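**Student:** Pasting a structure here, questions to come.
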Amino acid sequence: MSDTQSSDETVTGSCLCKAVTYKATGTPMIKTICHCYNCRKASGGPMQGSSVYLKQQVAITGDSALKTYSDPATDSATPFNRLFCTGCGSQMFGWSPLAERMMGQQILAVNTGTLDREFVNAWTPTNEQYCETKGCWVPRLVGEEGMGRFKRSMMGDKAE
Numbered sequence: 001m002s003d004t005q006s007s008d009e010t011v012t013g014s015c016l017c018k019a020v021t022y023k024a025t026g027t028p029m030i031k032t033i034c035h036c037y038n039c040r041k042a043s044g045g046p047m048q049g050s051s052v053y054l055k056q057q058v059a060i061t062g063d064s065a066l067k068t069y070s071d072p073a074t075d076s077a078t079p080f081n082r083l084f085c086t087g088c089g090s091q092m093f094g095w096s097p098l099a100e101r102m103m104g105q106q107i108l109a110v111n112t113g114t115l116d117r118e119f120v121n122a123w124t125p126t127n128e129q130y131c132e133t134k135g136c137w138v139p140r141l142v143g144e145e146g147m148g149r150f151k152r153s154m155m156g157d158k159a160e
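In UniProt numbering, the protein residues as written are 1 to 160.
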């Protein structure tokens, strides 16, 4: 997946047990790495990668196996909804009512850890969030030209 993606690009993915699958078509609005504590805990790793799409760009199969955890501990005080597979526990998607209000449309963040194998190495982030809480051993992940690095959320101050 490059920054010159065409509108007919398609990526696919699934949870670990494959009860939930998806197909995302078109260019994501943003491809982000988040280093906030909540995303770390939810992903079980030092950061979480996501591609944010318009909701209608993502077709989900097996969504009856999804459960939502409404994460209340956000900086905005607006819960962030994390959708995970009830069978294997894979965190698949997320969405924020605040982001939807600000953008005026329904959006869906697709966790990059769920991408099918053939799409993993092509994914590159366009920004990095919560750089102020990123692990000291994690290198700078996003380049300089045109890439956003933020101390906290994308709505705040840029990181150095």
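Glycine included, each C-beta is placed from N, C-alpha and C at the ideal position.
It should be emphasised that the depicted structure is a prediction, and the values quoted were computed from it without experimental measurement.
#1: Glu100 by DSSP, collapsed to three states: which one?
#2: In whole angstroms, give me the CA-to-CA distance for Lys67 and Cys136.
#3: Run the CB neighbour count on Tyr22, radius 10 Å, all protein chains shown included, and call it buried at 16 or more, exposed below.
#4: Which whole-angstrom value is the C-beta distance of Ser43 and Val110, which I expect to be below 8 angstroms?
#5: Could you tell me the alpha carbon to alpha carbon distance between Arg82 and Cys34, rounded to whole angstroms?
#6: Going by beta-carbon coordinates alone, are Ala65 and Cys85 separated by less than 8 angstroms?
**Tutor:** Answer, in terms of the structure:
#1: Helix, per DSSP.
#2: Each residue's alpha carbon lies about 33 angstroms from the other.
#3: With 16 or more other Cβ atoms within 10 Å, it is buried.
#4: Wrong, their Cβ atoms sit about 13 angstroms apart, outside the cutoff.
#5: Roughly 14 angstroms between the two C-alpha positions.
#6: In this structure, Cys85 lies closer than 8 angstroms to Ala65 by Cβ.
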